[in-house]
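Structure first, commentary second.
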Amino acid sequence: MNGDGSIDVNQEVGNAIDADGDGVVDGDLKKLGKGIPDFELGWSHSIQYKNWDVNAFFRGAFGHSLVNNFRVFYEPRVGSQGSYNYINTEYANAEITTAKFSSLYVEKADFIKLDNLSVGYSLDISEDNKYFKSVRFSLTGQNLFTITGYSGADPEPSLQDGGAAANGEFVGGADPLVL
616 MNGDGSIDVN QEVGNAIDAD GDGVVDGDLK KLGKGIPDFE LGWSHSIQYK
666 NWDVNAFFRG AFGHSLVNNF RVFYEPRVGS QGSYNYINTE YANAEITTAK
716 FSSLYVEKAD FIKLDNLSVG YSLDISEDNK YFKSVRFSLT GQNLFTITGY
766 SGADPEPSLQ DGGAAANGEF VGGADPLVL
């Protein structure tokens, strides 16, 4: 906002004010969330019935927010945008004509997902074979479903530094030790 309560749809900082009186011309900038979850959890469960067994592993993260980069790029109505379609979400604002980060694209990213599910059947072959007691057949699936309110592709927090290029610069490399 530019100080009078109206939204600067061009998202320019040039007409912003010192909203909080700290001597920095930052408009109405504020902390919108955190990229690192407050807590994460995992739960593993196994059940067996006769020759059948089922193993499941659930995982979740809670208390973090993410910028929905897909919306940042595809929602704004950019004039030179002839090579792809616009996406229309309930949050899209036709007045925004530049693809830049803002609070409009920050979303809560809490999730719980079924990371791994395995169903198996053990066949007793000890009568026919003196070397093996049984054979087990199994079917396994990974990343089977995710429950989240996040509208982006993946609510998983990215706990790495993509380097200068990921932060808008064209030089430098990633630092894999930075969380």
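Throughout the sequence shown, residue numbering follows our numbering, covering 616 to 794 in sequence. Glycine included, every Cβ here is placed at the ideal spot set by N, Cα and C.
Under the Cβ criterion (8 Å, minimum of three pairs), the segment 716–727 counts as touching the segment 676–691.
The Cβ atoms of V669 and V734 lie closer than 7 Å to each other. In this chain, the beta strand (DSSP E) harbouring V721 covers V721 to K723.
With a contact defined as Cβ atoms closer than 8 Å, W667 and Y765 miss out at about 35 Å. Residue pairing of V669 in beta bridges, as defined by DSSP: I662 and V734.
Annotated three-state conformation of S718 is helix, per DSSP. By the neighbour-count definition (other C-beta atoms within 10 Å, threshold 16), L719 is a buried residue. Contact between F673 and L738 is absent: CB atoms are separated by about 29 Å, not below the 8 Å threshold. Following the DSSP letters along the chain, one finds F752 inside the beta strand (DSSP E) bounded by residues S749 to T763. The alpha carbon of K646 has as its nearest neighbour, out of I702, E690, Y706 and S717, the alpha carbon of S717.
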